[in-house]
Amino acid sequence: MMAIQRVGIIGAGKVGIVLAGLALDAGYTVRISGSGSVKKIALTIKTLVPGAIASENADVVANSDIILLSIPLSRYKHIDADLLKGKLVIDAMNYWWETDGIREEVLDPSTTSSEQVQTYFKDAKIVKAFNHMGYHNLQEEARPKGDPKRKALFVTGNDPDAVATVAAFVDHMGFDTVVHNNLADGIMTEPGSPLFGASLRYAELKDIIDHFDQTEFGKEVAAQTHK
Amino acid sequence: MVDIEHLQFGLETFGDIVANEDGSLQTAAASIRQIVREGKLADDLGIDVFGVGEHHRPDYSVSSPETVLAAISAVTKQVKLATAVTVLSSDDPVRVYERFATLDALSNGRAQVMLGRGSFTESFPLFGYDLTDYDDLFNEKLGLYDALRNEKAVTWSGKFRAALKNQEVYPKTENGKLETYIGIGGSPESVIRAVNVGYKVIIAIIGGQASRFKPYIELYHAAAKELGKPEFPIAVHSHGFIADDEDEAVEVAFKNIKANFDRIGLTRGWAPMSREQFEGETKVGSFYVGDPETVARRMAATIDLLDLGRFDLVYGAGNQTAAQRERTIELYGTKVIPRVKEILAEKAAVK
């Protein structure tokens, strides 16, 4: 398992800023890029997350051990797929109409959003995490290990080693983890799931994940798959 | 430090459908007439601003807020009349100007434009716009509105509407410029955009602790200085419910605010609000719920923390009765506002 020291964040919006703040608090070196020039985000980064290095995508990727994707889901293809070649990448994205537009134009209904992202960045190791808790809950609810009020996040991906690395990283950022080794299980935390927007402790999160097929959303998903 | 003398207090409603005492729902028409009564009540109590939202959905009665505000203007004397917000992205800036200039005339200069991107999808297909143009629509229309706001002949061209060549738009206002806010939800990009256009800013704080907005307000001031743009005291709006009894307030608010958020959540795909989430919001978050003392203390803390120039309470979420809605307004005007000022004065004396 790789030791993470340098965190790179692609996307300097609400979620990217929150993740940068958490990573700084956890003691990591943080680089962050927006959709444009460094100049466009420099003041924002300096003011909102002092200590993070405002940069551009190529520099963020080249100088980070782990990459967090926190851009609108509709824009991941704006990033050159080769840029993330060989990288460990956390997909924190979700479909969200306000930034993404019409769902059918963004998402292929026959698959899950993170699988689509993995297909595009075919030489990267995609792990889904940080997508299902609201960004202000993420910001306010990071807690040390063992704290009875500590909240949990779902972590899932196809590469067990990458998943284990991300799970350790999420733990270090201040959250317990429920871990699966199947990227397709990311559907369990997509919009529509009882976990999307929920802020739960480990036992509560694990219970819903373990009995996902019994939730209304789980039943809908099952019905879609068996069509 | 908070300028208590110039601190403004507003009330906003999204025009939720009003409930009868037996739990049945009033018509949208009756709910709209109730808002006019509430606007009058707010004016009688000396509230600074009364805002009405724009929605195009069955659960909210108002799609045409300026029309409601025009009716309120006829029965009020001092309260400013605002939209909360005008969904500029799917509107025509020329029409926005014309409607507000008309409201400004009717109200003797009390119209206040609040422009936003809105947080619902309905208006886009309704008016023939593509959701994927969300950002471009707002930016372009804000540019045209800003040109119109100078009340001089405008020459303009863009992607989403016919060009204007040396075009005058009427009526002109008596003050020469419509007071205009830009409503933001707190993305860093939206803060910078608001600074660039040079308008006053109102931030929608609808979840989480108010303290998380402190860096964003610092960003607003830092950006204004760097770009040489005007700086105004920041305004915020948050949901609230006030009743004489603390426990009653919490129960009514939980039922109604939860129903409201859960209904919206259904279309966005977020999970229903848990009791724990609700309690978090009322104790340390952005729901101002309780008896007047509790609400006043929490509002004063937020105003002090964020150094605000204005606080708007969004009342009436969910299906509340007319009595519940009016009691919130009465208590806000007669007890909460004076008490907030008192607490802030005490804090100032200690500092």
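If you read the sequences in order, they're chains A and B.
Numbers in this note's numbering are just positions in the first sequence, counted from 1, shifted up by 38.
No gaps in the numbering here: position 228 of the second sequence is 220 in this note's numbering, and each next residue is one more.
Glycine included, each C-beta is placed from N, C-alpha and C at the ideal position.
Beta-carbon proximity check, I42 (chain A) vs I70 (chain A), cutoff 9 Å: no
Identified DSSP bridge partners for T75 (chain B): B:V44
Residues within the region 223 to 245 of chain A neighbouring chain B, beta-carbon criterion of under 8 Å: E228, P229, G230, S231, P232, L233, F234, G235, A236 and S237
Residues that A215 (chain B) contacts on chain A, provided the C-beta gap is smaller than 7 Å: L81
Beta carbon proximity, T149 (chain A) to chain B, threshold 9 Å: no
Burial state of Q104 (chain B) (16 or more Cβ within 10 Å): buried
Contact list for A263 (chain B) against chain A, beta-carbon separation under 7 Å: P232, L233, F234, G235 and A236
Selected residue, minimal CA-CA separation from A202 (chain B), among B:D237, B:A154 and B:R290: B:R290
Backbone secondary structure at D299 (chain B) - three-state DSSP: coil
For Y137 (chain B), the first and last residue of its enclosing alpha helix (DSSP H): Y126 to L140
For G45 (chain B) and A76 (chain B), believed in contact at Cβ under 8 Å, the rounded distance: 5 Å
Exposure of V67 (chain B), with buried meaning 16 or more beta-carbon neighbours within 10 Å: exposed
Where G199 (chain B) meets chain A, residues with beta-carbon distance less than 9 Å: G172, H174 and N175
Same chain, Cβ closer than 7 Å to E318 (chain B), five either side skipped, listed in chain order: E30 and L33
Neighbour list for L86 (chain A) in chain B, Cβ cutoff strictly below 9 Å: P180, P207, Y208, E210 and L211
Test: S266 (chain B) CB closer than 9 Å to a CB of chain A: yes
Within chain A, the residues that Q269 (chain B) reaches when beta carbons sit closer than 7 Å: S237
Proximal chain A residues relative to R204 (chain B), where beta-carbon distance stays under 9 Å: V56, H174, Q177 and E178
Sequence-distant residues of its chain with Cβ nearer than 8 Å to V244 (chain B) (five each side left out): F233, A235, Q312 and Q316
Sequence-distant residues of its chain with Cβ nearer than 8 Å to I27 (chain B) (five each side left out): T5, G7, V44, S53, V54, V60 and I64
Residues within the region 38 to 50 of chain B neighbouring chain A, beta-carbon criterion of under 8 Å: none
Short Cβ contact (9 Å threshold) for D35 (chain B) with V71 (chain B): yes
Any chain B beta carbon closer than 9 Å to S112 (chain A): yes
Pick from A:G124, A:T150, A:G49 and A:N175 that is closest to K163 (chain A), judged by C-alpha positions: A:G124
At least 3 beta-carbon pairs within less than 8 Å: the region 240 to 249 of chain A vs the region 183 to 201 of chain A: yes
Identity of the residues DSSP links to A190 (chain A) by a beta bridge: A:D214
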